[in-house]
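Participant: Heads up: the sequence shown begins at 1 in full-length UniProt numbering, then just goes up one per residue. Glycine included, C-beta positions come from ideal geometry on N, C-alpha and C. Model, not experiment: these values are computed from the prediction.
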Amino acid sequence: MAAESLVASDALVAVRQRPLQTLLSLPDELFIPILIHLDIPDLLAVSRTSRRLRRLALDTHLHHLRLHVYIPSRLVPYLSLRPTEQDLLSQQILKSPLRLAHRFHAAANALRLAFARNSLRRKLELRPQLNELIQRGVYPATDARVSPVLAMRCKALEREKIRNLLEQELKGRIWDRIRNAMGRREKDKQESVRVLVSRYSQRRREDSSAAGSMFEKHRRDAREAPTRAKVYRLRLFFERISRSQKVSVAVA
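Spelled out as structure tokens, the structure:
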């Protein structure tokens, strides 16, 4: 049973491969009329099946026959379906029934191109020279033999270098400003301490001078104006003298 199934499968594979082998066994002269009727997408699909069909699908004679024999024969039935000139005029597709010859169109096109060429030449003459562009900094001053990619890389490195220099300069200026501000603050603090010390010492001098003047005033007042104790002693002294005199008079 296994042998019979194997034989049946081989026969089925042979039957399936037989049409392809029969088709590939045809000569190239018979393939060309068949491939003429295929469009470009179909020819592309056929060319991907085998090398022989790829060579035939890319054959110049095949495409020449398609463009000059097969396609015109297919277009003949459709030419009778084209609208007439009157239909085009009525649909306002053609603006005028007058038609110029081909040479007039060619002359008009040549004249238009000549005007464009003259205008472009005048504009190109007004362009600045390369040296002037380099001096202005519009065009980089690099050698013409240098690759554009390398020139762009060099320009990017120059920009990076300039940016680093500017960043360092700005950082230095900022730190200088910070140092100046901190020094100014320290100086202000020192000046404020000095001012406070001078004010305190001046106030102490004023207080000491005021205290000295008050002490001198008290001493002067005490020296000039007698106190209550001195008056009381003087009174006792004079009372004692008066009593002694009275006693002496009484004895006598």
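Output needed for Gln245: all residues of its chain with C-beta closer than 6 Å, excluding positions within five of it in sequence on either side, in chain order.
Facilitator: none
Participant: Is residue 281 buried or exposed, if buried means 16 or more other CB atoms sit within 10 Å of its CB?
Facilitator: Nothing can be reported for residue 281: it is not among the residues displayed for the chain, which extend from 1 to 252.
Participant: So, is Phe237 buried or exposed, given that buried needs 16 or more other C-beta atoms within 10 angstroms?
Facilitator: exposed
Participant: Please return the same chain residues whose Cβ sits closer than 8 Å to the Cβ of residue 258, not counting the five positions on each side in sequence.
Facilitator: The structure shown has nothing for residue 258, since the chain only spans 1 to 252.
Participant: Using DSSP with H/G/I as helix, E/B as strand and the rest coil, what is Val149?
Facilitator: helix
Participant: Rounded to the nearest angstrom, what separates Met214 and Ser208 at their Cα positions?
Facilitator: 10 Å
Participant: Taking only the alpha-carbon atoms, compute the straight-line gap between Arg235 and Arg243 and give it to the nearest angstrom.
Facilitator: 12 Å
Participant: Please classify Leu35 as buried or exposed, where buried requires at least 16 neighbouring CB atoms within 10 angstroms.
Facilitator: buried
Participant: Taking DSSP as the reference, what is the three-state secondary structure of Gly137?
Facilitator: coil
Participant: Alpha carbons only, please: which of Ile93, Tyr78 and Leu79 is nearest the one belonging to Glu85?
Facilitator: Ile93
Participant: Quick one: grab the DSSP three-state call for Phe237.
Facilitator: Assigned with DSSP and collapsed to three states, Phe237 falls in helix.
Participant: Thinking C-beta only, is Tyr139 closer than 8 Å to Leu150?
Facilitator: Taking C-beta atoms as the reference points, Leu150 and Tyr139 fail to come closer than 8 Å.
Participant: How close, in whole Å, do the beta carbons of Ile32 and Leu62 come, if the pair is a contact with beta carbons under 8 Å?
Facilitator: About 6 Å separates the two Cβ atoms, so the contact holds.
Participant: Is the beta carbon of Ser47 less than 8 Å from the beta carbon of Leu38?
Facilitator: no
Participant: Grab the span of the alpha helix (DSSP H) containing Ser47 for me, first residue to last.
Facilitator: Ile40 to Ser47
Participant: Using the C-alpha atoms, what's the distance from Pro83 back to Leu75?
Facilitator: Taking the straight line from one Cα to the other gives about 15 Å.
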